[in-house]
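Residue numbers (my numbering), protein chains in the order written: chain Z, 1 to 260; chain X, 1001 to 1386. What follows is a short report on a single structure.
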Amino acid sequence: MLCEKGDIMNKIDINFTVSFALAKREFIKYLRNKSRVITSIFQSLMFLFIFGFAIGNQALVSAGIIPQAILFAGIFSGVSIVMDRMLGFFKEIMVAPISRTTITIGRAIGGTLVASIQGIILITLTSIFGAFGYEPLLFLKILAAIPIIFLTAFLTTSLGNLISTRMKDFHQMQFIMTFLIMPLFFTSGAIIDFVGTPFFNFTLINPMTYCVDAMRHIMLAGNPTISAGLPLYVDIIAILAFSLVFIILSAYIFRKSESV
Amino acid sequence: MATNIIEVKNLTKIFDVGTNQVEAVKGISFSVREGEIFGFLGPNGAGKTTTLNMLSTLLFPTSGTAKVAGYDINNEPDMVRKNIGMVFQEMSLDIDLTGKENLELHAIMYGVDKKTRNQRIMEMLEIVQLTDKANILVKNYSGGMKRRLEIARGLLHYPKCLFLDEPTLGLDPQTRRSIWDHIKKLNEEYGITIILTTHYMEEADALCDRICIIDHGEIIALDTSENLKGHLKGDTISLEFENFKALKKFEAKIKDFAGIHAIKIITPKTNMRQMLSKMAAIRAQMSGGKKPPAIMMDPAKHDAMSKMMRSLPTKMNIIIENGSEKVASLIKIANDSGIKIKSLTIKQPSLEEVFIHYTGRSIRDENGSRGATMREIMQRRMRSVM
């Protein structure tokens, strides 16, 4: 039953107070869910030790895996709406007099916050373990990386939101892992540097490429041995463009989807 | 004269199920008066929830329209949503938040003023007696507490009417009664119009000012409980006899008795068809051989036979006008023909009989066991997940 009629679904009226309240809910839930906090920290450490220290070229890989950890967190936040749907809370949101765009934005803000926190935890740990070397400017680099972390979190959450509009239960999660998240991870250049190879042009269709590239711009600034592939402003524009496409698409599909 | 808070005209909903079209609601029309408790009564799949979902703008009708609290469900869904409270059949709370946080989020979504928000939340928690549980995570609430919190949440934005979809499904009898008391209190003290669905007869009878019996997407009857029962002319006399033979004999004797509307023989729970086929087999065996059949000799089989005889119907219900006056003459007929009556009860008509009268079957046929209900819930949940 598509909701083509009815202006509440088709009017783009955004109530930011409600969006923030929905975002706050996700944040509270994240903080209360101790296993999720611990899992995210452990996963970050695992990434760091396996990919960062074992493969070598620590600085390059460390800068690359931070966006990947955010990718996992962002997708999970995005698809957590499936959990709401299974547990019933989804209906309470659907019957409220708020537009679906408001809901989409609330979810995007909440997911971005949660995924960003995980990114910030990881970048702090990586720096403490010395992946980027110890230098006076390191603290400033971390501060400068935080906007990139937020952008990456926004991008991946929007992608997660888009997936969730077509996902009805968690059985499909395995499919998404195999056919979406893993390819995004491996072709982003996080572990293997594709810059300068013919394959690099192909990786430009992967939004994560820009996140990895932007992160390297900041964290590896002043490192003579490694160079990023694209100018930083191109990365940022690309991340924003991908995010907007994902979020508009998911808002559009959500607006046209069934209520109950 | 009270005004109508809900006016429904030819409301129809057709679902596409694969290539088939299922008409879940078939052009129903009715109205609900301000301040009444209005109940939809019907078995599962009758179209109650679909109707409620259309009235709460979660589903758009295929055709027809309705006005809820003065707003059109097709053209002004947002205004309808602001003026109604909804309590769904399945739990729709966020179990990882506290009771108070659930209410706060609801208040924000419905645009309740920041200044009045807290006071409003406290007021609602007080009504459902959850004030001391406000800061506990909902996952630690009992089933009844969750239901009460949902009712409090549904009332938080001062809706003109509250929709309750199967408010006591899956709750124990004691909790059910307490929920009923809350619903009655809301209606009597706060004047909130309540529209509920149920498949429990006693719930409809105990709560509703008017009952709308709905089956296969159509309204079959709509009236007060008393009037619905009044349509059934007569009381029910339940009789139990010693055996099937006595019952049959009595049935023949009272065939021409004045005032009887219907005679219904109550079939015991055992599978009748299976039993009859067994009887036929035994009879065939008995007539086939020349020797006295084994069943006559074998005490075990004899036992089986008498067991079967016992499972034949021995009870009947007679729907009769002025049952209490006629009962003496019925007993006299029995005595005169030497029929022993084991037990006898006279019942005023209940909603159960009303339902059977209008639909030709018992509502309980489909909603017997708790297991079936649970399965139903699971299936519904799975369906909503798919």
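All residues carry an ideal CB built from backbone N, CA and C; glycine is no exception. This structure is a prediction, so every number in the text was calculated from the model and none was measured.
Looking only at its own chain, which residues have a Cβ that is under 8 Å from the Cβ of residue i, when we skip the five neighbours before and after it?
| i | result |
| --- | --- |
| S250/Z | T104, S158, N161, L162, S164 and T165 |
| H1157/X | K1082, G1085, H1106, A1107, Y1110, G1111 and V1112 |
| I176/Z | I75, V79, I163 and M167 |
| I1254/X | I1260, I1263, I1318, L1330 and I1333 |
| F20/Z | G106 and I109 |
| I50/Z | none |
Once you ignore the five residues that flank residue i on each side, which residues in its own chain have a CB closer than 6 Å to its CB?
| i | result |
| --- | --- |
| F90/Z | D84 |
| S1369/X | Caution is warranted here: a pLDDT of 43 is assigned to S1369/X, below 50, making its placement in the model unreliable, and the coordinate value is therefore given only provisionally. Within the same chain, S1369/X has no close Cβ partners at all. |
| L1164/X | V1087 and L1196 |
Within a Cβ cutoff of 7 Å, which residues of the same chain sit near residue i, ignoring the five residues on either side of it in sequence?
| i | result |
| --- | --- |
| E954/X | Nothing about residue 954/X can be reported from this structure: the residues present for chain X run from 1001 to 1386 only. |
| F129/Z | L48 |
| F170/Z | V82 |
| G1191/X | G1035 |
| H1357/X | L1232 |
| K1326/X | G1259 and I1320 |
8 Å is my cut-off, CB to CB: does residue i come that close to chain X?
| i | result |
| --- | --- |
| K256/Z | no |
| I123/Z | no |
| I28/Z | yes |
| R25/Z | yes |
| R32/Z | yes |
| P136/Z | no |
| T17/Z | yes |
| L60/Z | no |
| F89/Z | yes |
| V95/Z | yes |
| I38/Z | no |
| I98/Z | yes |
| A21/Z | yes |
| N10/Z | Here N10/Z scores only 47 on pLDDT, less than 50, and its place in the model should not be relied on; the value that follows carries that caveat. No - not a single Cβ of chain X is within 8 Å of the one on N10/Z. |
In terms of DSSP beta bridges, what is residue i paired with?
| i | result |
| --- | --- |
| S1238/X | N1317/X and T1345/X |
| R1033/X | N1004/X |
| L1162/X | G1085/X and I1194/X |
| D1016/X | Q1021/X |
| L1137/X | T1098/X |
| G1039/X | L1196/X and I1211/X |
| I1265/X | M1316/X |
| I50/Z | Partner(s): none; I50/Z has no beta bridge. |
| V114/Z | The partner list for V114/Z (beta bridge, DSSP) is empty, contrary to what the question assumes. |
| K1009/X | T1065/X |
Please check if any C-beta of chain Z sits within less than 8 Å of the C-beta of residue i.
| i | result |
| --- | --- |
| K1100/X | no |
| F1241/X | no |
| Y1110/X | yes |
| K1146/X | no |
| D1094/X | yes |
| K1082/X | yes |
| L1055/X | no |
| E1166/X | no |
| M1316/X | no |
| M1391/X | Here chain X comprises residues numbered 1001 to 1386, so residue 1391/X is not present and cannot be evaluated. |
| E1023/X | no |
| M1124/X | no |
| D1205/X | no |
| L1222/X | no |
| M1386/X | Confidence at M1386/X is low in this model, with a pLDDT of 43, below 50, so the placement of that residue is unreliable and no value is reported for it. |
| L1105/X | yes |
Using the beta-carbon count (16 or more within 10 Å), is residue i buried or exposed?
| i | result |
| --- | --- |
| L137/Z | exposed |
| Y30/Z | buried |
| E135/Z | exposed |
| L140/Z | exposed |
| R255/Z | buried |
| D13/Z | exposed |
| V212/Z | buried |
| R1153/X | buried |
| Y233/Z | exposed |
| E1189/X | exposed |
| G1039/X | buried |
Would you say residue i touches the ligand SAH, meaning its beta carbon is less than 7 Å from a heavy atom?
| i | result |
| --- | --- |
| Q174/Z | Among the ligands in the structure shown, none appear at all, so the ligand SAH cannot be discussed. |
>> Check whether the stretch 1004-1020 of chain X and the stretch 1183-1191 of chain X touch, using three or more Cβ-Cβ pairs below 8 Å as the test.
In response: Short answer: they don't touch.
> Counting pairs of Cβ atoms below 8 Å between the stretch 1196-1214 of chain X and the stretch 1047-1055 of chain X, do you hit three or more?
Replying inline: Result yes; three or more Cβ-Cβ pairs closer than 8 Å.
> Quick check: the stretch 20-37 of chain Z against the stretch 122-132 of chain Z, are there 3 or more CB pairs under 8 Å?
Replying inline: no
> Should the stretch 215-223 of chain Z be regarded as contacting the stretch 56-66 of chain Z, the criterion being three or more beta carbon pairs within less than 8 Å?
Replying inline: yes
> Within the chosen definition, does the stretch 15-32 of chain Z reach the stretch 104-115 of chain Z through at least 3 CB pairs nearer than 8 Å?
Replying inline: yes
>> So, does the stretch 1023-1036 of chain X touch the stretch 180-195 of chain Z, judging by three or more C-beta pairs under 8 Å?
In response: no
> Okay, do the stretch 1067-1082 of chain X and the stretch 1119-1137 of chain X touch, 3+ Cβ pairs below 8 Å being the bar?
Replying inline: Using a C-beta cut-off of 8 Å, the stretch 1067-1082 of chain X makes no contact with the stretch 1119-1137 of chain X, since fewer than three inter-stretch Cβ pairs fall below that distance.
> So does the stretch 1319-1336 of chain X actually touch the stretch 1239-1256 of chain X, counting three or more Cβ pairs closer than 8 Å?
Replying inline: yes
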